[in-house]
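Asks:
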Amino acid sequence: MSEHLARYLETLSRTQHELSSGFRALRRGHPREPDLCGVCERLAAQCRDHAERLKPFLRRYRSGGPRDPRALGAETRTAGLRPPGFEAPRLETASFDAGALDGGGFDAGGFDAAGLETADLQRVVRAAAERERAGVEGADPGTARRPRVTPGRGGGDGGGLVLLRDLHGLYLLATECDLSWSVLAQAARGLRDDDLLDLTRHCAPETAVHLLWLRTRMSQAAPQVLAVPRSENDDKVRH
Amino acid sequence: MLDRIADPRGRRTPYGPPDAVERLAAALPSHMRDALPSVIRLGSPWPVRVDVFLEDGLAEQQVEHWVRAVSAAGWGGDAIDLAVRGGRVAGVRGRAGDRVNHGRLDPREWHAWQPRAERLTRPLVREDGRLVEATWETAMDRVVARSRELLARPGGWGRLAFHTGTRLFLEEHYTLAVIGKAGIGTPHMDGDTRWGAAAAAAALAASFGADGQPGSYTDVDHCDALALWGHDCTASHPVLWERMLDRRLGPGPPAMIVVGPEGTAAAGEADVHLAVRPGTNVALLNGLLHELIAGGWHDAAYVAAHTVGFERLWRVVEAYPAKRAAEICGVPVALIEQAAEILGAAERLVSTVGQDFLGSNQATAAACQVNNVHLLRGMLGRPGAGLFQLGGPGCDALEAGSAADLPGLRNWADTGHVRELADLWNVDPAVIPHWGPATHAGQILRYAEEGSVGLLWITASDPAATTPGLDRILGREDLFVVVQDPYLTETARLADVVLPAAAWGERTGTVTGADRTVHLCEKAVEPPGEARTDLGILLDYARRMDLRDRDGRPLVHWTDAESAFEAWKACTRGRPCDHTGITYERLRAGGIQWPCAPSSSHGVERLYAGGRFATSPGHCQTFGADLATGAEYGEERYRTGDPGGRAFLHAAEFEPSPEVADDQHPLVLTTRRAPRRFPVRLARLGDAVPEPCLEVHPGDAAVLGVEDGDLVRVESRLGVLEAVARLSGGRPGAVVLVLDGQGEAVTRAAEELTLTAWDAVSRRPLRTAVAVRLLKAGRRGDASLDEGLCSAAAHLGRGAAVRPEVTAAAGGGEAPERYEEV
């Protein structure tokens, strides 16, 4: 049973990483949207933190952990402080792309609702993860340095529709996390694992805010993008 | 003429607090106060002192007549009289009987009324790339033709946008709101308030349910403690500052806490001055709230009866004992304890929150924490307990709806509010933009840049002078720019049609000051040439556009300022900003505060008396948002946790920002723009781009081994820039980047360096100081060092699509002919 839970936890952890990379990719992909500044980094950091906090539970349930989860209570309670043993060297980003934790059954990127091309987001997310891996070791990705020269105009964003699609994709990812947290809360109650329950109580509201934020941002962007087509060959009345 | 700048304390009028009877009288509701003798009824013990500034050589007896007006210098809403002689404004005088200023004038007042150069007298239209004079008929025809053509396209409402400044009258703001929101139906209306008053309004609405300053200026008379939160009162509200200072010099002076940088007059005057590290305001406030609660200084009964969220607030601030706050903020712990003691012991506390809070890291959250101080101590709605969130001018724009909000402090997400407006205007509710949050100013410019907005109408604002790169957006071939302004501003030079507007003193209307006092500002002289009032231009546009309601009657049915005000009154009925009891007739006798119902002789002096707030679901202006991300909670959630007229105690963790200096980035960088020279030039390929200059304190330079003229790399957590060091800095630990005609690439790099955050709730960028480190990059003149900036400029030159006449002639540097005198 706990093997199933372990797999489920792994999937959640992976989705949180994807979401984290996705928020960062969103920021990078749309440098001309000023309101993404700060917020995306913040949300990315939260997602990363969620995955980080899941780690002790992964260990607990993966290798057929002890019957009584309370025996491990002391260990997890100090997990926030990250004692030396828990400082896995940037395991999470690497494992996300290498698929080392892929337990199967929950394929990432199972979101192709609304007939949108999700390939773009996937590509952006992957590229962001790759860039990060190639980046300075040990540098906090939240404060990754930008190129020295300000990019000129455009900066690679393809207008509102791309933004809307990226937000849409992230929303679906976040929904997955949201769902997982509520399911995990149930499981934690069933297992009488108070630590896991505390974790879901901490993370679920944050994920709920992620969803709200994505929805808010989409509702800002959607009407203009969808209802006001950009005029390609404008018939000018300029004199 | 009195020179008060040279001798600011020359004519002080010290005074003490009113006695207990008067305080009791001040607390009565207005209809009961009317029964009292006038000395007690209207009494403020602040002595009257009439300031007069007249043209040199002019005596008061020579003035032909005096005309009621409102301060044009600041935005405190001081009542003044204009001296008219020979058809010109020849001086100003403070109005003795007014409740706001008691005769005093802002020292800058006369300067603000001086005529400036480049006054527009005729409409201009663009012909063959040049602006030429035209008739009103031609100019308006072009605007209307373009508007109609855009509206006829799919999604026409989304193709027109309005950017409005703060120098319109209430009537004009409202007329514009009706044209935009009921006639055209565009959500793209915003303006200069986004960078100032919006954060203050957002904080007030978040805590109390609706915008509107809770306090009254007379609270300064009653208070026994004053707290200035990041508010340089001397600079932004000199008359209010005089009132505070007069209290401090009189008997029974109030204690004073000042949070903000060193070197201001307020900092020198304070009993407790907290020079916190830039960007750590929330940590300081959390520390103070911790001390207040832990010390048992909060009013537990008030908190229980009139607020929600106390447990959560304590959970957050519990982690901020004074010691921790002191470490984060870089101030002695004793000072925080002292400040908490003053706040905790005060019986009547007045707070003013200024730009250093509302324009800094976690702006709305920090401002909400000040609201929390007042809520915890029950310091609202009674004499001496006042709170002012002073973000910037333009509360008229926010109330009347020419900015992003719906008129009358209504909630766009509340279908009931939208229906109210639809009934009032007799239009289909579907026309009123309520399908999403209104577009903020930055986003409007983004849409203009992307090409989905085809007409941008800029009124009484000059955004091109302050926003780098805007000239290119405004220069787009597919964007039709209308500028309505008294002056030929930088923005006007880029317009397709320029409409000359009348200035203050040349038209009539009302202005609302910082404590909700509405004043009448009347026409004293004729506008020059063919210039028209802003109201006249808007009414003309509405008529030409043939905007009609559901029954085919004109949508904008008023004809002058007074009838526009009557229309506005109907819009405010039942809302927090009720103006229904105010008339022009009554305003001629003096300023009146809103809300003012017809039954009362003067408005409600203090909001939220008795702890009743504007938070009930059908009444509130917002359904709330997450302070950190701006994520909107939505109606359903709000109704579920119905606060029922109680205020929100919003909790916020301190979050470091790139603004906060640390060991890695020990210096604090600010930018300064050198005075702008006409014309604006865009960097082009082959142009020599001068490096920006960086002022460094010689002491810091010595530590870093940097000499005068060296090229240095400035690194923040956000970006990198190279600049030439000048050892002329005035303060150790601070460096100043001086931008002077570097063109867009460098300006943008500087912006990127200093764009420290986005205030998600008020939706404004926060460009503040930023923590940086300096690295010596080499001696000046090393060839390898120039490549960064030049390549940026080259990139720009290729990408730029500019109208030929906007770009200066290469090399010459003299002014190109962009505007032709006819």
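Chains as they are written, first to last, in this note's numbering: chain A, 1 to 239; chain B, 1001 to 1822. Even glycine gets a Cβ: it sits at the ideal position worked out from N, Cα and C. As the structure is a computational prediction, the values presented were derived from the model and not from experiment.
Mapping DSSP to helix, strand and coil, what is TYR1541 of chain B?
Replies: Position 541 of the second sequence, counting from 1, holds the residue named residue 1541 of chain B. TYR1541 of chain B: helix per DSSP, three-state reduction.
Asks: Do you know how far the Cα of VAL1316 of chain B is from the Cα of ASP166 of chain A?
Replies: For the purposes of this step, residue 166 of chain A is taken as the residue at position 166 of the first sequence. For the purposes of this step, residue 1316 of chain B is taken as the residue at position 316 of the second sequence. Cα-Cα distance, rounded: 33 angstroms.
Asks: Can you name, in chain order, every residue of its own chain whose Cβ lies under 8 angstroms from the Cβ of ARG77 of chain A, other than the five neighbours on each side?
Replies: Here residue 77 of chain A refers to the residue found at position 77 when the first sequence is read from its first residue. Because ARG77 of chain A sits at a pLDDT of 38, beneath the cut-off of 50, its placement in the model cannot be relied upon, and the point is left open.
Asks: TRP1066 of chain B and ARG1093 of chain B look like a contact to me (Cβ under 8 angstroms); what is the Cβ gap, rounded to whole Å?
Replies: What you label residue 1066 of chain B is simply residue 66 of the second sequence in a count that begins at 1. What you label residue 1093 of chain B is simply residue 93 of the second sequence in a count that begins at 1. That pair is a contact at about 7 angstroms.
Asks: Against chain A, with Cβ distances strictly below 8 angstroms, would TYR1447 of chain B count as a contact?
Replies: Along the second sequence, read from residue 1 onward, the residue named residue 1447 of chain B stands at position 447. At least one chain A Cβ lies under 8 angstroms of TYR1447 of chain B.
Asks: Figure out for me which residue from A:GLY190, A:ALA227, A:LEU184, A:ALA188 has the closest Cα to the Cα of PRO1846 of chain B.
Replies: Here chain B has residues from 1001 to 1822 only, and residue 1846 of chain B is not among them.
Asks: Is any beta-carbon of chain B found at less than 8 angstroms from that of LEU72 of chain A?
Replies: For the purposes of this step, residue 72 of chain A is identified with residue 72 of the first sequence, where counting begins at 1. With a pLDDT of 44 at LEU72 of chain A, under the threshold of 50, the modelled position of that residue is not reliable, and no figure is offered here.
Asks: Suppose contacts are defined by Cβ-Cβ distances below 8 angstroms. Is PHE1605 of chain B in contact with TYR1584 of chain B by that definition?
Replies: Walking along the second sequence from the start, residue 1605 of chain B turns up at place 605. Walking along the second sequence from the start, residue 1584 of chain B turns up at place 584. Reading off the sequence, residue 1605 of chain B comes out as Glu, not Phe. Cβ distance not < 8 angstroms, so GLU1605 of chain B and TYR1584 of chain B don't count as in contact.
Asks: Counting only beta-carbon separations shorter than 8 angstroms, does ARG165 of chain A have a partner in chain B?
Replies: For this step, residue 165 of chain A is matched to residue 165 along the first sequence. It does not; no Cβ of chain B falls within 8 angstroms.
Asks: Runs of 3 residues minimum, wholly inside the stretch 1438-1490 of chain B: which ones carry the beta strand (DSSP E) assignment?
Replies: 1455-1459, 1480-1485
Asks: Please decide whether PRO141 of chain A counts as near chain B, where near means a Cβ-Cβ distance under 8 angstroms.
Replies: In the first sequence, the residue the question calls residue 141 of chain A occupies position 141. Model confidence at PRO141 of chain A stands at a pLDDT of 35, short of 50, so the residue's coordinates are unreliable and nothing is read from them.
Asks: Could you please give the first and the last residue of the uninterrupted alpha helix (DSSP H) stretch that includes MET218 of chain A?
Replies: Counting from 1 along the first sequence, the entry for residue 218 of chain A is found at position 218. Run containing MET218 of chain A: 194-227, per the alpha helix (DSSP H) assignment.
Asks: Indicate the three-state DSSP secondary structure (helix, strand or coil) for ALA1072 of chain B in the structure shown.
Replies: Within the second sequence, numbered from 1, the residue matching residue 1072 of chain B stands at position 72. In the structure shown, ALA1072 of chain B sits in coil (DSSP, three-state: anything other than H, G, I, E or B).
Asks: When you compare only the Cα positions, how much space is there between PRO1018 of chain B and HIS1222 of chain B?
Replies: As a first step, residue 1018 of chain B is located in the second sequence; it is residue number 18 there, counting from the start. As a first step, residue 1222 of chain B is located in the second sequence; it is residue number 222 there, counting from the start. PRO1018 of chain B and HIS1222 of chain B: Cα-Cα distance of roughly 6 angstroms.
Asks: Taking GLN220 of chain A as the query, report the chain B residues whose CB atoms sit under 8 angstroms from its CB, ordered along the chain.
Replies: Locating residue 220 of chain A in the first sequence gives position 220, counting from the first residue. Neighbours of GLN220 of chain A on chain B, chain order: GLY1436, PRO1437, THR1439, GLN1443.
Asks: Starting from the beta carbon of ALA227 of chain A, find every residue of chain B whose beta carbon is closer than 7 angstroms, and list them in chain order.
Replies: Here residue 227 of chain A refers to the residue found at position 227 when the first sequence is read from its first residue. GLY1155, GLY1158, listed in chain order.
Asks: For PHE1388 of chain B, write down the residues that DSSP places opposite it in a beta bridge.
Replies: Start at 1 with the first residue of the second sequence, and residue 1388 of chain B comes out as number 388. Beta-bridge pairing links PHE1388 of chain B to B:THR1352.
Asks: Nearest by alpha-carbon distance to ALA1460 of chain B: which of B:ALA1430, B:LEU1499, B:GLU1449 is it?
Replies: Position 460 of the second sequence holds residue 1460 of chain B. Of B:ALA1430, B:LEU1499, B:GLU1449, the residue nearest in Cα terms is B:LEU1499.
Asks: If I measure Cβ to Cβ from SER182 of chain A and keep anything under 8 angstroms in the same chain, skipping five residues before and after, which residues do I get?
Replies: In the first sequence, counting from the first residue as 1, residue 182 of chain A sits at position 182. THR200, ALA204, listed in sequence order.
Asks: ALA1197 of chain B and CYS1521 of chain B look like a contact to me (Cβ under 8 angstroms); what is the Cβ gap, rounded to whole Å?
Replies: As a working note, residue 1197 of chain B is residue 197 in the second sequence. As a working note, residue 1521 of chain B is residue 521 in the second sequence. Actually they are not in contact, since the Cβ atoms of ALA1197 of chain B and CYS1521 of chain B sit about 19 angstroms apart, beyond 8 angstroms.
Asks: For HIS1306 of chain B, does the three-state DSSP call read helix, strand or coil?
Replies: As a position in the second sequence, residue 1306 of chain B is number 306, starting the count at 1. Note: HIS1306 of chain B maps to helix in three-state DSSP.
Asks: For GLY1279 of chain B, which residues in chain A fall below 7 angstroms Cβ to Cβ?
Replies: Within the second sequence, numbered from 1, the residue matching residue 1279 of chain B stands at position 279. Chain A residues near GLY1279 of chain B: none, gap ~12 angstroms exceeds 7 angstroms.
Asks: Do we get a CB-CB distance below 8 angstroms when we pair THR207 of chain A with the residues of chain B?
Replies: For this step, residue 207 of chain A is matched to residue 207 along the first sequence. By this cut-off, THR207 of chain A is not an interface position.
Asks: Could you confirm whether any beta carbon from chain B is found closer than 8 angstroms to the beta carbon of GLY156 of chain A?
Replies: Mapped onto the first sequence, residue 156 of chain A falls at position 156. For GLY156 of chain A, the pLDDT reaches just 38, beneath the cut-off of 50, and the residue's location in the model is therefore unreliable, although a value from the coordinates is still provided. Not one chain B Cβ lies under 8 angstroms of GLY156 of chain A.
Asks: Residues of chain A with CB under 9 angstroms from TRP1758 of chain B, in chain order?
Replies: On the second sequence, position 758 is the one that residue 1758 of chain B refers to. Result: PRO34, ASP35, LEU36, CYS37, GLY38, VAL39.
Asks: Using a threshold of 8 angstroms, state whether the C-beta atoms of ALA1206 of chain B and GLY1603 of chain B are closer than that.
Replies: Along the second sequence, one-based indexing puts residue 1206 of chain B at 206. Along the second sequence, one-based indexing puts residue 1603 of chain B at 603. No, the Cβ-Cβ distance between ALA1206 of chain B and GLY1603 of chain B is not below 8 angstroms.
Asks: Quick check on PRO1238 of chain B: does DSSP put it in helix, strand or coil?
Replies: For the purposes of this step, residue 1238 of chain B is taken as the residue at position 238 of the second sequence. Helix.
Asks: Given a threshold of 16 other Cβ atoms within 10 Å of its Cβ, counted over all protein chains shown, does ASP1642 of chain B qualify as buried or as exposed?
Replies: Translated into the one-based positions of the second sequence, residue 1642 of chain B becomes position 642. ASP1642 of chain B is exposed by the Cβ-count criterion.
Asks: Where does GLY1574 of chain B fall in DSSP's three states?
Replies: Here residue 1574 of chain B refers to the residue found at position 574 of the second sequence. If DSSP states are grouped into helix, strand and coil, GLY1574 of chain B belongs with coil.
Asks: Rounded C-beta distance between LEU36 of chain A and LEU26 of chain A? I'm assuming under 8 angstroms.
Replies: Residue mapping note: residue 36 of chain A aligns to position 36 of the first sequence, counting from 1. Residue mapping note: residue 26 of chain A aligns to position 26 of the first sequence, counting from 1. Cβ-Cβ separation between LEU36 of chain A and LEU26 of chain A: approximately 6 angstroms, consistent with a contact (criterion under 8 angstroms).
Asks: Under 7 angstroms between beta-carbons, which chain B residues line up against THR216 of chain A? List them in chain order, please.
Replies: Taking the first residue of the first sequence as 1, we reach residue 216 of chain A at position 216. Those within 7 angstroms of THR216 of chain A in chain B are GLY1630, ALA1631, GLU1632.
Asks: Say whether chain B places a C-beta atom closer than 8 angstroms to the C-beta of LEU212 of chain A.
Replies: Taking the first sequence and counting its residues from 1, one reaches residue 212 of chain A at position 212. LEU212 of chain A counts as touching chain B.
Asks: Taking PHE1162 of chain B as part of the alpha helix (DSSP H), name the residues at either end of that continuous run.
Replies: Counting from one through the second sequence, the residue named residue 1162 of chain B turns up at place 162. Run containing PHE1162 of chain B: none in the alpha helix (DSSP H); it sits in the beta strand (DSSP E), 1160-1164.
Asks: Within the continuous alpha helix (DSSP H) that includes ALA1139 of chain B, where are the two ends?
Replies: For this step, residue 1139 of chain B is matched to residue 139 along the second sequence. Where ALA1139 of chain B is concerned, the enclosing alpha helix (DSSP H) stretches over 1136-1152.
Asks: Since CYS1693 of chain B is in the alpha helix (DSSP H), which residue starts that stretch and which ends it?
Replies: The residue you call residue 1693 of chain B lines up with position 693 of the second sequence. First-last for CYS1693 of chain B: 1693-1695, but that is the beta strand (DSSP E), not the alpha helix (DSSP H).
Asks: Find the residues of chain B that neighbour GLY160 of chain A, judging by a C-beta separation of less than 9 angstroms, and give them in chain order.
Replies: Counted from its first residue, the first sequence places residue 160 of chain A at position 160. Simply ARG1446, TYR1447, GLU1450, SER1452.
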